[in-house]
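Undergrad: Chains as they are written, first to last, in this note's numbering: chain L, 741 to 877; chain H, 149 to 568.
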Amino acid sequence: MTFHGRALIAGEAAGTVLASGEPISFWGGYDAATGEIIDRRHPLSGARAAGCVLAVPFTRGSSTSAQVLLEAVRTGTAPAAIVLAQVDSFVALSSIVADELYRRPIPVVVADPADFARLATGQRAEVRRDGSIRIEE
Amino acid sequence: MTLHLTDYDRALAGGDLGPAARMAMSILVRMAEVYGAAEMMDITQAHIDSTIYIGEAGLEYAERLAALGARVSVPTTLNVSGVDEHHWREWAVPADWAAKAHRQMLAYQGMGCQPTWTCAPYQTDMAPRFGQQIAWGESNAIAYANSVLGARTNRYPDLLDVCAAITHRVPAVGLHLTGPRAGQVLMRLVGVPEALQRHDTFYPVLGHLMGQIAQDRNPVVTGFAVRPTDDQLKALSAACATSGTVALFHLVGITPEAPTADAAFQGRAPELELDVTLDRLRMARRELTTAEGAALDLVVLGSPHFSFNEFKALAPLLEGHERHPSVQFLVTSSRLMRDLARDAGLLAPLERFGGRLTVDTCILATPMLPKTVKRLMTNSAKYAYYSPGLLGTEVVFGGLADCVNSAVAGRVVRDDSLWE
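Structure below.
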């Protein structure tokens, strides 16, 4: 199945989907050294998002989240791509600065909420430059 | 939507105002496209949250901008840093961390910012005024500036706040404009006793619930029987910006854009309405505590940073008591508030009690706590929320008096009478 979203930050990536309807705060919620989700109140707590296609509707909480995601890019523990259900400036910014500093932007796609809901943990997904996402079921 | 840039914007982007301004503007223009902005607009003040050291990348970014000659072009305050530069050796902070965090402080200070090092810049003489267009980072400060002061800022992430400070240009979207400041979620306090509304534990709990329910929408709360203090509104701001993404709330009859519920909603209908009962608040309060039992290693106050008035409220509670030898007692604050408190004689009771003070940073922003601290107690919803994930501790939430009494007793003691 393929659906089309808005390529907030265009790029290509593929990986295992890690999906939750719960928003996440990268600061206090993501360990940039390991890529583990460490918000103990989050349904994905304990999962490792490094190299995955992380699907969360948006981010919440601390302003420092942008630095955490940038640090994850530097250390190589960032998700391969991020799929959102709405525009999220924090995720977009981390990716833009990762491009500016390291030439390694994280592809970011904003999906329709109905399409977003199709993403389930464990699927394999491919994100393309035009914002389309192909899911293998 | 096509982004319209002014001559000044193009000069910034073209490098006419130097390479740092060009880098900042390049990031801002890409962000304007992300936001779908039609144009950029001026801001006249900034608060930079990027000061917090969390790893090499943030430091590289700060030093890259500094090396390119970055200077802020509007009055700019600085958020907490990653190290208390004078007292870090008294704690578990690794020397390498302290050195890097200090470099990050110097990079931002060197851009011409005020070395305020606080997450409560609204309690300094640089608090913005009603209607002022500003670019602030730090989630609690954003909520407070928008909601309590009526200044206008979006939720600026780290890394972008400094770009706004350098160029004084931001995408003209969101909470800078009037329409998006309208309330969206109506929360009615129903049957919440006035005595509880006066109590300091009410505000972190209500804020925690507001954030959970509103998420990224603007909550409007009605039914206040009392006028909260500035510090209570600070606790509320921090809580709702932690459990949710709240950047603006309206308290009807209290905050400046909410003389009436209708004004807060700008005449529109709420997307969601619900009653906030004592039962619902009790549930929210329970969520702020993860620990079971009464064991305790540390009591910590001051997120957001402890204010002069909070020192004033704390001092008489400490007088004549000493902490239990097995429990540490810590207050986190700014150097400004420390100096004011010291001049007013409010630090001596803290010292006699056996308490300690850390300035410029906090337990979440610097690795100061030793691993032996497994269970902490706090009056802050923000500390309570983040400590389990960031510090791996268990946490107990209580009021200011509960925190002091527990430190004296050496175990958790809470007066729950107002919550029963």
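Backbone N, C-alpha and C fix where the C-beta goes; we use that ideal spot for every residue, glycine too.
1) Could one say the Cβ of G163(H) lies closer than 8 Å to chain L's Cβ atoms, at least one of them?
2) Does the region 517–526 of chain H come into contact with the region 445–461 of chain H, if we say contact requires no fewer than three beta-carbon pairs (one atom in each stretch) closer than 8 Å?
3) Three or more beta-carbon pairs under 8 Å between the region 392–401 of chain H and the region 429–439 of chain H, yes or no?
4) Which partner residues of T224(H) appear in the DSSP bridge assignment?
5) Using the beta-carbon count (16 or more within 10 Å), is D306(H) buried or exposed?
6) In the DSSP output, what is A293(H) paired with across the bridge?
7) Taking just the CA atoms, how far does A214(H) sit from M259(H)?
8) For S872(L), report the span of its beta strand (DSSP E) as first-last.
9) Which chain L residues are close to I282(H), counting only those with a beta carbon under 7 Å from its beta carbon?
10) Grab me the residues of I196(H)'s own chain with a C-beta within less than 7 Å of its C-beta, minus the 5 sequence neighbours each way, in chain order.
11) Given this structure, state the Cα-to-Cα distance separating Y842(L) from S834(L), to the nearest angstrom.
12) Where does W567(H) sit, in a helix, a strand or coil, going by DSSP?
13) Quick check: the Cα distance between E440(H) and F545(H), rounded to an integer number of angstroms?
14) Decide yes or no for the touch test of the region 172–192 of chain H against the region 765–772 of chain L: beta carbon pairs closer than 8 Å, at least 3 of them.
15) For F350(H) and T438(H), what's the separation of their Cα atoms in angstroms?
16) Quick one: which chain H residues come within Cβ less than 8 Å of L859(L)?
17) By DSSP, does S835(L) sit in helix, in strand, or in coil?
18) With a threshold of 16 other CB atoms inside 10 Å of the CB of H152(H), please say whether the residue is buried or exposed.
19) Jot down the residue ranges of each uninterrupted beta strand (DSSP E) in the region 776–827 of chain L, minimum 3 residues, whole runs only, in chain order.
20) Suppose contacts are defined by Cβ-Cβ distances below 8 Å. Is A194(H) in contact with A283(H) by that definition?
21) Going by Cα to Cα distance, which pick from G745(L), H744(L), I749(L), T742(L) is closest to L840(L)?
22) Am I right that A455(H) and M485(H) are in contact with their C-beta atoms under 8 Å? What's the rounded C-beta distance?
23) Using only alpha-carbon positions, find the residue among V796(L), R864(L), A812(L), V813(L) that is nearest to D828(L).
24) How about N302(H) and A395(H): do their beta carbons lie closer than 8 Å?
25) Can you confirm whether G769(L), when its beta carbon is compared against all beta carbons of chain H, has any partner nearer than 8 Å?
26) Nearest-angstrom Cα distance between C267(H) and E877(L)?
27) According to the neighbour-count rule (16 or more other Cβ atoms, all chains shown, within 10 Å of its Cβ), is G162(H) buried or exposed?
28) Would you list the one or two residues that DSSP bridges to A523(H)?
29) Quick check: the region 407–424 of chain H against the region 374–391 of chain H, are there 3 or more CB pairs under 8 Å?
30) For K530(H), count the other beta carbons within 10 Å of its own beta carbon; 16 or more makes it buried, fewer makes it exposed. Which is it?
31) Are the region 180–193 of chain H and the region 786–806 of chain L in contact at 8 Å, needing three or more beta carbon pairs?
TA: So, to answer that:
1) no
2) yes
3) no
4) Answer by DSSP bridge pairing, in chain order: A194(H).
5) buried
6) In the DSSP output, where bridge partners are listed per residue, A293(H) has none listed.
7) 7 Å
8) Here the beta strand (DSSP E) through S872(L) covers 872–876.
9) Those do not exist, as I282(H) stays about 14 Å from chain L at its closest Cβ, beyond 7 Å.
10) T224, L226, N227, Y256, C261, G285, D309, V310, A313
11) 11 Å
12) helix
13) 12 Å
14) no
15) Going by the C-alpha atoms only, they are around 18 Å apart.
16) Under the 8 Å cutoff, chain H gives no residues; its nearest Cβ is about 19 Å from L859(L).
17) helix
18) exposed
19) 793–795, 821–824
20) Their beta carbons are under 8 Å apart, which means A194(H) touches A283(H) by this criterion.
21) For clarity, residue 840(L) is Glu in the given sequence; the question names Leu instead. Checked all of G745(L), H744(L), I749(L), T742(L); the closest Cα to E840(L) is I749(L).
22) Correcting the residue type first, residue 455(H) is Ser in the shown sequence and not Ala. Contact flag correct, Cβ pair sits at about 6 Å.
23) Closest by alpha carbon: V796(L).
24) yes
25) yes
26) 46 Å
27) exposed
28) Reading off the sequence shown, one finds Arg at residue 523(H), where the question assumed Ala. In the DSSP output, where bridge partners are listed per residue, R523(H) has E542(H).
29) no
30) K530(H) should be labelled buried.
31) no
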